[in-house]
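Trainee: Take this structure first; my questions come after.
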Amino acid sequence: MPRSLLVFIWQASGKRQIFLCGLTIIVSLLTTLPLELQRRIVDDAIHDHATDLLLLLAAAYLGVLLVQGGLKYLLNVYRGLMVEEVARHLRHVVFDGTQRQGGDHPVKQGAVVSMVAAEVEDLAGFVGDSVSFPLLQIGTALSAMGYLIWVEPRIALFAIVLYLPQLFVVPNAVQVVFGQ
Numbered sequence: 044m045p046r047s048l049l050v051f052i053w054q055a056s057g058k059r060q061i062f063l064c065g066l067t068i069i070v071s072l073l074t075t076l077p078l079e080l081q082r083r084i085v086d087d088a089i090h091d092h093a094t095d096l097l098l099l100l101a102a103a104y105l106g107v108l109l110v111q112g113g114l115k116y117l118l119n120v121y122r123g124l125m126v127e128e129v130a131r132h133l134r135h136v137v138f139d140g141t142q143r144q145g146g147d148h149p150v151k152q153g154a155v156v157s158m159v160a161a162e163v164e165d166l167a168g169f170v171g172d173s174v175s176f177p178l179l180q181i182g183t184a185l186s187a188m189g190y191l192i193w194v195e196p197r198i199a200l201f202a203i204v205l206y207l208p209q210l211f212v213v214p215n216a217v218q219v220v221f222g223q
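Residue numbering for the sequence shown is 44 to 223, as defined by the working numbering.
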């Protein structure tokens, strides 16, 4: 086992993480399409009483939602498969390590079961979420902010000023709570 968690994540799931990141970026970028379609429906189709345009935009909206939902589902399923593969690998490593280490002083079965059952799941879950989940959150926020800047820069500037203090308050609060 490597000494660094990041090295372990890369060794255990590097290629899968790359695919997961690509899928995550696509899902984040698709966040703005429903917003634009809603805006077009209200501003163009409803305002101009254009029924044909309304039906076309509504169909496009439904299509985008289905594609986005399908990609999110694929993202979650793929992440779950990766978590299970990493968990299986870790279980083998822990089990093999405890069997070799036992020798004259065998490791108690209860300790092995505890390590294999509970602790491995948490680490494997972290491996699955460690790269794609923050990327999804950051990508969605940046896509929404970029869209807002494109549509209404003054409101975007107000939102940036409103949320900017969180960049300083949240890390300091984490340090206070966890004593780091």
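Glycine is no exception: its CB is placed at the ideal position from the N, C-alpha and C atoms.
Which residues mark the beginning and the end of the alpha helix (DSSP H) in which residue 183 is found?
Mentor: 175 to 194
Trainee: Closest to residue 172 by CA distance: which of 129, 184, 84 is it?
Mentor: Cα-wise, what sits closest to residue 172 is 129.
Trainee: Can the beta-carbon of residue 74 be found closer than 8 Å to that of residue 186?
Mentor: yes
Trainee: Span of the alpha helix (DSSP H) holding residue 172?
Mentor: 163 to 172
Trainee: Would a C-beta distance cut-off of 8 Å place residue 110 and residue 77 closer than the cut-off?
Mentor: Annotated as distal: residue 110 and residue 77, with beta-carbon spacing of 8 Å or more.
Trainee: Determine the DSSP secondary structure at residue 58, reduced to helix, strand or coil.
Mentor: helix
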